[in-house]
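The working numbering numbers the first residue of the sequence shown as 581 and each following residue consecutively.
Glycine included, C-beta positions come from ideal geometry on N, C-alpha and C.
These numbers were taken from a predicted model, which means no experiment stands behind them.
Quick notes on the structure that follows.
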Amino acid sequence: MDICIVGTGYVGLVTAACFAEMGNKVFCVDINPDVVESLNNGKVHIFEPGLEELVQRNSRQGRLHFTTDIREGLSDSLFIFICVGTPPGNDGRADLSYVCQVARDVGRNMADYKIIVDKSTVPVGTADMVHSLIQEELGQRGEYLEFDVVSNPEFLKEGDAVSDFMKPDRVIVGTDNIRVAELLKALYSPFARSRDKLIVMSVRSAEMTKYAANCMLATKISFINEMANICEKVGADIGDVRVGIGSDHRIGYHFIYPGVGYGGSCFPKDVKALIGTAMDFGYKPRVLEAVDSLNQDQKKMLAHKIIDYFEPQGGVEGKVLAIWGLAFKPNTDDIRDAPSLDIINELTSRGMRVRAYDPQAGTKASQGLKNNPLVEIVDEQYDTLKKAEALALITEWNQFRNPDFARIKRELVSPVIFDGRNLYSPKMIGEMGFAYFCVGRCPVGNDNKKPSEKEKIMVKSSGF
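Here it is, written out as structure tokens:
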């Protein structure tokens, strides 16, 4: 089949490369000529494992093409996938300006029947808006052309997007047109050889399904983080609690890893967007508001632990913190809404200096933090440690899981680790002579620990 993909970000480029891999002829359209030139030269502008090889192979074999001309993309294509960004506006609602522009461009340039597929994450009702905009442009041309608009939301995880597309759990299609549903079933059939994975529903239900899925996952993250915070107060271990609740098949172990909060291009944006949609329809989404609020606090939690630790030592001002991990998750270079940025900004606002490393996100972080003179991004993991008072681990890249602890201890001014992902065993780290602070577990080797109110009462009542 002939396919046009509009937008070459994470979703668009992965979608294009995977469809081309299955033998389809795919045209990718992007308004940025530099991106198009780079892709035509086989260079991918985003980091996603396995994607660059896929793009290069299918370009070389003539199935994948890149252009800035939407007319070229539309010419022979039956399917037009809208894969442009829907960033949050000032009020948190999804900004649909890019989607609207694509819809108008399609209406101005289409010459025969098309199936327009909303793959961007968009609020409920967007397909109706896209249909109206295309119809309006056709009317201004004096043309009557048949077309359909369907919803086909993506469910790709950054860092594993190629695998997710090639082996999807499900393919959601929102349409009331049986013919369109059958055509999309045929398009996706190479990705569903073992069983039928296509789930057909109404357009609005499909649009809602995407938001509901991401908000459910965000809720699980905020829930386990709240449990971790309570564990710290009562002296429980969130690792044990996680195993205890995860063994219940109704709950499961996925997405109940405590940490420094969720980030990236999806969860923060989609939670806020669904809150906005609900409010627009007169409903106050109390659970979602709590999920969002708790996550905002959780993203600064590690910074506050660091501030509290150094307070008896004169505060964080002038001190140096080593940071491992800047991307919002491993196996990506994406720093959008990354917890690392909140942590860095909170600490540097108090005068702390930061020296950070990330295996892939260093360049983007350097650009994003270039106006902060207290931040240095280095190219080597252990270079962060020189003359640093402590190490903070923020992103759980595999290379951080079993580091050279002897070297860490030797390089740091003081052997102190703040682990925002609970990668290490507190017992093991403590036996090596480190002060260790993590999430939802009691700290180890904390000589600066202040007595709790309960401990103060116990001491007072004992007569000491």
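Residue j beta carbon less than 8 Å from that of residue i
i, j, result
"Trp-904", "Leu-971", "yes"
"Thr-912", "Glu-633", "no"
"Ile-836", "Arg-822", "yes"
"Lys-765", "Leu-778", "yes"
"Ile-695", "Val-730", "yes"
"Ala-936", "Ile-915", "no"
"Leu-713", "Ala-683", "yes"
"Phe-661", "Lys-699", "yes"
"Ala-968", "Leu-906", "no"
"Val-1024", "Gly-1010", "yes"
"Phe-646", "Cys-608", "yes"
"Val-742", "Gly-630", "yes"
"Cys-846", "Thr-701", "yes"
"Asp-740", "Pro-848", "no"
"Val-710", "Arg-784", "no"
"Ala-792", "Val-780", "no"
"Ile-650", "Asn-621", "no"
Those residues which DSSP pairs with residue i across a bridge
i, result
"Met-781", "Gly-754"
"Arg-935", "Ala-902, Glu-956"
"Leu-644", "Val-606"
"Tyr-1016", "Ile-997, Val-1024"
"Pro-668", "Ala-674"
"Lys-694", "Phe-727"
"Asp-582", "Lys-605"
"Ile-662", "Val-586, Asp-698"
"Leu-971", "Ala-902, Ile-997"
Buried versus exposed call for residue i [16 or more other C-beta atoms within 10 Å across all chains shown]
i, result
"Arg-1001", "buried"
"Arg-990", "exposed"
"Ser-1032", "Note that Ser-1032 scores a pLDDT of 46, beneath 50, so its modelled location is shaky; the value from the coordinates is reported in the next line. Classification for Ser-1032: exposed."
"Lys-899", "buried"
"Gly-1020", "buried"
"Ser-782", "exposed"
"Gln-720", "exposed"
"Pro-953", "exposed"
"Met-796", "exposed"
"Val-814", "exposed"
"Asp-685", "buried"
"Gln-940", "buried"
"Asn-732", "buried"
"Ser-774", "exposed"
"Asn-982", "exposed"
"Ala-808", "buried"
"Lys-852", "buried"
"Asp-938", "buried"
"Pro-1006", "buried"
"Asn-670", "exposed"
"Pro-919", "buried"
"Phe-980", "buried"
Nearest neighbour of residue i, chosen from the options [CA to CA]
i, options, result
"Gly-687", "Pro-668, Asn-612, Glu-717, Asp-708", "Glu-717"
"Val-840", "Arg-643, Asp-692, Phe-1017, Gly-1013", "Phe-1017"
"Gln-878", "Lys-909, Gly-843, Leu-854", "Gly-843"
"Lys-902", "Gly-705, Leu-965, Ala-1015", "Sequence inspection shows Ala at residue 902; the Lys mentioned does not correspond to that position. Residue Leu-965 is the option with its Cα nearest to Ala-902."
"Asp-582", "Glu-601, Val-814, Ala-816, Tyr-590", "Glu-601"
"Glu-723", "Tyr-693, Val-704, His-834", "Tyr-693"
"Leu-854", "Ala-741, Gly-824, Ala-798", "Ala-798"
"Leu-868", "Lys-880, Ile-974, Asp-850", "Asp-850"
"Arg-750", "Glu-734, Pro-629, Val-871", "Glu-734"
"Glu-652", "Ile-585, Lys-880, Val-780", "Ile-585"
"Val-871", "Glu-806, Tyr-678, Gly-705, Gly-862", "Glu-806"
"Arg-933", "Glu-617, Ala-986, Ser-774, Leu-949", "Leu-949"
"Asn-604", "Ser-639, Asp-776, Asp-938, Asp-963", "Ser-639"
"Ala-883", "Ser-873, Ser-929, Gly-862, Lys-747", "Ser-929"
"Arg-637", "Leu-619, Ile-626, Ile-650, Lys-1007", "Leu-619"
"Ile-804", "Pro-892, Glu-617, Leu-874, Pro-668", "Leu-874"
"Pro-667", "Ser-657, Val-679, Gln-979", "Val-679"
"Gln-947", "Asp-963, Met-690, Leu-921", "Leu-921"
"Leu-725", "Ile-758, Cys-1022, Ala-691", "Ala-691"
Cβ separation of residue i and residue j, assumed to be a contact under 8 Å, to the nearest whole Å
i, j, result
"Thr-595", "Phe-771", "Contact doesn't hold; Cβ gap of about 11 Å is too wide."
"Val-896", "Gly-931", "7 Å"
"Leu-1003", "Glu-976", "6 Å"
"Cys-663", "Gly-592", "3 Å"
"Ile-923", "Ile-988", "With 8 Å as the limit, Ile-923 and Ile-988 do not qualify as a contact, their Cβ atoms being about 19 Å apart."
"Lys-909", "Phe-998", "Wrong, their Cβ atoms sit about 18 Å apart, outside the cutoff."
"Val-624", "Val-606", "Their Cβ separation, rounded to whole angstroms, is 15 Å, which puts Val-624 and Val-606 out of contact at 8 Å."
"Thr-588", "Asp-610", "4 Å"
"Ala-707", "Glu-787", "7 Å"
"Lys-880", "Glu-812", "Contact flag wrong, Cβ pair sits at about 15 Å."
"Pro-838", "Ile-810", "Pro-838 to Ile-810, Cβ: 11 Å. No contact."
"Gly-856", "Gly-1013", "Not a contact, Cβ separation roughly 50 Å."
"Leu-654", "Ala-597", "Between Ala-597 and Leu-654 the Cβ distance is about 20 Å, and since that is not below 8 Å, they are no contact."
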